[in-house]
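Data first, discussion second: the structure below is written as structure tokens.
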Amino acid sequence: MTSLPYPYTIRVDAEDKVRGKPIYAADDNRPGLLHAALAVSTIAKGRITDIDTQAASAVHGVRLVLTHKTMGAAKSAGFIMGGGYGFQSLQPMLSPAIAYRGQPIALVAAETLEQAVESAHLVRARYAEEPFGVSLDAPGVEVVHQADTPLKNFIPEIASGDADQALSKAPVKIDAVFKAPPQHQNPMELIASVAEWRGNKLTVHEGTQNAEAVRHGVATALGIAPEQVEVISPYLGGGFGQKNSLQMQTLLAAVAARETGRPVKLVVPRATLFHAASFRPESRHHIRLGAERTGKMLAAIHEVDAQTSRHDLFPGEYTATSSRLYGFGSFRGVERLVRTDVQTPGYMRAPFEHPACFAMECCVDELAYSLGQDPVALRLANDTDTDVATGLPFSSRYLAECLKRGAELFGWTRRSMAPRSMRAKDGSAIGWGVAVGAYPGLTTPAVAHLKADEDGCVVISIGGHEMGQGIRTSLANTVSRKLGVLPEKVRAVIGDTRAAPQHLTAGSWGTASAIPAAEDAADAMLMALAEMSPAGIADRTPAEILKAAGRRTLEVEVQRKPPGQPDEILGRLRAGLPSVAGPVYRSHVTFSYIAHFVEVVIEPGTRRIRVPRVVSVADCGRVISPRTAASQVRGGVVWGIGAALRESSEVDPRYGGFLNADLADYVLPVNADIGSIDVEFIDKPDPVFNRSGVKGLGEVAMTGVAPAIANAVFHATGRRLRDLPVRIDHLL
Amino acid sequence: MTADEQAADQAARGESERVDVTLTVNGETRSLAIDPRTSLLDLLREHLALTGAKKGCDHGQCGACTVHLDGRRIVSCLMPAVQTDGRAVKTIEALASPNGELHPMQRAFIDHDALQCGYCTPGQIMAAVACVDEGHAGSTEEIREYMSGNICRCGAYVGVVSAIQDAAAKMRRT
Amino acid sequence: MQTFSYTRAETVEDAVRSVAGAGPRTCFIAGGTTLYDLMKLNLETPNKIVDITGLRDLNHIDAGGHSELVFGALARMSDVAAHPQIADEYPAISESLWRAASQQLRNVATLGGNLLQRTRCVYFRGGEPFACNKRDPGSGCAAQQGNDRGHALLGGSSSCVAVYPGDLAVALVAFDAKIDVLGVTGERTIAVEALHREPGTSPNVETTLKSGELILRVRVPKTTMGRASTYHKIRDRESYAFALASAAVALDMDGDTVRDARIAIGGLATRPWRARAAEQVLAGKTLSQRTARQAGDAALHEAKPGRNNSFRIELGARTVADALMIARQRA
């Protein structure tokens, strides 16, 4: 069945969304609700010496003021990358210690939102301040070589051949340093929790990419059994990595609800969010690339310094992707982590892959120009079927096809190679740039429960979270095709710990993990249907078979684990722990790929950079939901435009924290920033990776956009700009 | 501030003088005594259970809370609800016809997949309907400019523009 | 947000009486897009608010008079922007409006309120812990040794370099517009150029309005230069953003020769900034890329760069030059 492309079906939840149905956590309006608000630290590091909540408590309607002194017995749920559940190991309000500006110091719960907000503003704290540093080059920061930390056990450094020697002998060398700023995910939905206790059972409504971690994390933090907690997260208003673990506010809402005996809703304001959740860390990339005069790449050395917090080591996995872009003769990757006084950074769409591809793909463009070779031709000539880092074959790799098809769609042959050689009628400089991107092929275990009834409805309960990527539509398409029912008859219950174990949905593994499990479940159902139908099941719907057999419903459950993983991984899944395999498997390595072709137009005077046209061609294996997949790629391109030209979380070293903490000053792309974005898929299944032939898409879509833009800016201006974002400042 | 003033100030905390407001919401007259601090957005969401309009920034910087006030699009987060006395508010919940049939703009958003997570979508659609009604859907460039007050972090802008072009033609016909 | 009492004014006199003499924590509210926003940030803490949106006679647009365009203080930004005669005969005014904010905000925001829009300086809006003489007189100015990429190059002082963020006022200054204000002692007229103060040593005092004074209307002298005008605005994104640099220009041309030019710049100064030196550069000259650029340089001649904003001197000069060439096309 995987040999057939899927039809262009409608997004199954689109109608609810265009009607504005109440499906997000903050839409919850249950009776008796109290509204909560937070007070946050104004210092960047130190301790609270005194906290005065008298004025705050005196506000009419206030039912509770919580501080570290009144939180009661609770503990941190641990850091998700350190065996725990939280976005960082530090749970605010458990001690007087302040690790970063914006850290919550008090929560107020009141009858109305207005009262809660007023009260929170009246909380007064005195602090003992300590020195701090918030950026890579700040005095006092600590640099850690990742290979010297326990992280080396699951993120080995990439080393293939003697890259230093090969580089020293290479006749052509590129040596350049690139910088990517801290950035914030800023999904439109604010992080929010509604917590309610019924007896000793806690229900949390929250938009999360990881309902199981929220469940186990809150249970751990409160010292109760996970069976006492259920987490319901049918929809997210965008995630992008921000909501991929237990956030700091969930425990606070749960404690407030317990103390007041009322359900509590805590919606974290946008300004607070810049410090209350994770962000993409600042990173610096030193790349040395050596090649023959023919263009054959002999060696690449990619050294990265990336920001982490004082209290956690957020891993760096930049070179895991840069090393997979080409058939480098040799490769050496170095990842260093820089401890700074911030909340722990985390995953933001293509967290490592976007900056890594930016650095490497700009270097490759520089190489093309120093050789006088066409940038597409140089890339094609260095393509490979074999993974340099491991020597294993790639399970599938249609990067060359992406480049060729993209070049054709874009009209690349009409490009003149020389910088500053293409002009518009009004004198604007035109630049055409290309770059590729890649993203690891990751998989998680999944449990799928399938139920068919005699009325023709099919319900699939499975691990997964709908954040707009279209997992519901993919599941509907898959089950629909396997069972011969209409997609609209398939209902997916996801993001709900009552329905199935909910693994973290991130890392572009959602489809590649859920779809094969859904197919397994459908096969199990077909087998069960065949058993109850001696006349055979061909051309009959499950409802018809059930009716004929006198059955009202049929239920099956399957579990599936990634290839080569032990059975224990299913235990980790049920415990809410990350259980991810890949991109290196026993016999192969899997990546998704994309090629972007970009046109920039730069005004002659004020040097505004516009991006009127982008063509993107992706290899994500079989496309399960073509309509939502195309939207995801367009969204990834918009993200790339934002990352290349707009977004930067600014830091003032005197104050710590982030400065531009709102949506006016953190510059996201708006409609007028976006021109045409044409998307195509290779749509060839990868049967080695999984039975459905599907690879990840959401993040690879963004990789390579920023370097394609920077390369186009070079083509237009002759200037190599290596610090993101590229702005007017740099072109005047 | 004198000590007396401070005391008066303290006493007033949290306890606003309620203000009587009568407004029309989606065709229904609603009379309420409200805290004058309450935004129209919070009134709709927290008091009237109309949660289609969303809070994305609460400062007029994202457009997710867009509704129509007397037929014009506004950001409801920056509108004190007391100022809507005697006025008519329309939200996404009342855009479809009473029999449930979708507005052409809602239909077009589905057809062009002009959404992903759906959080900004009610605001986008209310803004899009107004954009057409105002006569600002004449060209791609004009639509892009006049829809720039609605941020979509999922990046569905291309779909939004095509949906508006599609729906505008149908809206003009009806 | 703190609690406050809310009343609706029935007449302009009633409004002025309610606010004047009621203390500094009583204020008018019209569209509210600045005031209510700042109240949410606890930067404005009124204890009494007088709603003037019911004063219908302040919501008018009169473009038909002989000598002046007259806009009521409560005219909505979107209405003035879309007024066909304004768009046609005074494109700089129309553009300064529709290139500001978003249509949703412009549908609510009034001209009077827009003129009084307060700065977007992040250190001002961020509240604690940032030092800000405007918010907390005497606390210092965090911007001067901080990230001042968006801060003022003109009209700043050691106390404050916060940019005046509005667009309309820049266009109005170019056209020598005036406002009529009503106070307890009666009506008076102020040139828009004299409305905003440079920060000096008291950046907390932003305008020359007296306590309780209410803007009634904006009057723009009619001029044939209106047609050959533009408001050119350069931002960090294509729309829905404040200016990195902007220029309102209007031209009176005799063939290729400039008879008269009006130039005001925005996004670069602590107040709307009329660039008379730049106007003089052009008077009697042939308008060319070169002379336009000379005018741009003259407009920024007195600019004092900070730590991160010097690129906006060049950007400002080029913005003026480009604006002149756009206006030239309309002459």
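Residue numbers (our numbering), protein chains in the order written: chain A, 1 to 732; chain Y, 1 to 174; chain G, 1 to 331. Glycine included, each C-beta is placed from N, C-alpha and C at the ideal position.
Please decide whether residue i counts as near chain Y, where near means a Cβ-Cβ distance under 8 Å.
| i | result |
| --- | --- |
| Asn107/G | yes |
| Glu15/A | yes |
| Ser625/A | no |
| Thr53/G | yes |
Beta-carbon of residue i versus every beta-carbon of chain A: anything under 8 Å?
| i | result |
| --- | --- |
| Asp42/Y | yes |
| Leu115/Y | yes |
| Thr319/G | yes |
| Met1/G | yes |
| Thr55/Y | Residue identity differs from the one stated: residue 55/Y is Lys in this sequence, not Thr. So, interface residue. |
| His59/Y | yes |
Taking the alpha helix (DSSP H) that residue i belongs to, which residues open and close that run?
| i | result |
| --- | --- |
| Met248/A | 248-260 |
| Pro104/Y | 104-111 |
| Gln115/A | 113-121 |
| Ala74/A | Segment: none, Ala74/A is in no alpha helix (DSSP H) and carries neither H nor E. |
| His354/A | 353-371 |
For residue i, write down the residues that DSSP places opposite it in a beta bridge.
| i | result |
| --- | --- |
| Val59/A | Answer is none; Val59/A lacks a bridge partner. |
| Val143/A | Val338/A |
| Cys27/G | Ile49/G |
| Leu289/A | Ile174/A, Ala300/A |
| Ile61/G | Phe71/G |
| Arg217/G | Gly72/G, Asp180/G |
| Asp455/A | Looking at the DSSP assignment, Asp455/A forms no beta bridge with any residue, so it has no partner. |
| Arg47/A | Ala97/A, Ala128/A |
| Val204/A | Ala195/A, Val231/A |
| Arg276/G | Its beta-bridge partners do not exist; DSSP assigns none. |
| Glu557/A | His449/A |
Nearest to residue i by CA position, among the options, is which residue?
| i | options | result |
| --- | --- | --- |
| Ala99/A | Asp383/A, Val679/A, Glu647/A, Val342/A | Val342/A |
| Gly64/G | Gly113/G, Arg219/G, Ser139/G | Arg219/G |
| Ser193/A | Tyr235/A, Ser168/A, Thr250/A, Phe154/A | Thr250/A |
| Asp256/G | Ala243/G, Ala228/G, Ala269/G | Ala228/G |
| Val82/Y | Arg30/Y, Ile164/Y, Val161/Y | Arg30/Y |
| Gly416/G | Glu206/G, Ser139/G, Asn107/G, Ala109/G | Any property of residue 416/G remains undetermined from this structure, which presents chain G solely from 1 to 331. |
| Glu79/G | Asn107/G, Ala15/G, Ala101/G | In the sequence under discussion, the amino acid at residue 79/G is Asp, which differs from the Glu named in the question. Residue Asn107/G is the option with its Cα nearest to Asp79/G. |
| Glu184/G | Thr286/G, Ser18/G, Asn147/G | Before going on, a small fix: residue 184/G reads as Val here, not Glu. Measuring from the Cα of Val184/G, the nearest candidate turns out to be Ser18/G. |
| Ala55/A | Val117/A, Tyr8/A, Ile43/A | Val117/A |
| Glu15/A | Lys54/Y, Arg37/Y, Pro122/Y | Pro122/Y |
Name the two residues that bound the continuous beta strand (DSSP E) containing residue i.
| i | result |
| --- | --- |
| Leu273/A | That residue, Leu273/A, is in no beta strand (DSSP E); its alpha helix (DSSP H) goes 270-276. |
| Arg126/A | 124-129 |
| Tyr6/G | 5-8 |
| Gly440/A | The displayed chain sequence assigns Pro, not Gly, to residue 440/A. Taken as a continuous stretch (DSSP letters only), the beta strand (DSSP E) holding Pro440/A covers 429-440. |
| Glu599/A | 591-602 |
| Gly266/G | 257-266 |
Report yes or no: is there a C-beta of chain G within less than 8 Å of the C-beta of residue i?
| i | result |
| --- | --- |
| Thr84/Y | no |
| Arg107/Y | no |
| Ala127/Y | yes |
| Arg719/A | no |
| Ile728/A | yes |
| Asn186/A | no |
| Tyr119/Y | no |
Requested in this report: Could you say if the stretch 320-333 of chain A and the stretch 134-147 of chain A meet the contact criterion of at least three C-beta pairs nearer than 8 Å?
Outcome: no
Requested in this report: Say whether the stretch 46-61 of chain Y touches the stretch 86-106 of chain Y, bearing in mind that this needs 3 or more beta-carbon pairs closer than 8 Å, one atom from each stretch.
Outcome: yes
Requested in this report: Would you check if there are 3 or more beta carbon pairs closer than 8 Å linking the stretch 293-303 of chain G to the stretch 278-285 of chain G?
Outcome: yes
Query raised in the report: Are the stretch 59-71 of chain A and the stretch 148-155 of chain A touching, with three or more C-beta to C-beta distances below 8 Å?
Result: no
Report task. Indicate whether the contact test is met: 3 or more Cβ pairs, each with one atom in the stretch 312-321 of chain A and one in the stretch 213-223 of chain A, closer than 8 Å. Result -> no
Report task. Could you tell me whether the stretch 718-728 of chain A touches the stretch 447-456 of chain A, using the rule of 3 or more Cβ pairs below 8 Å? Result -> no
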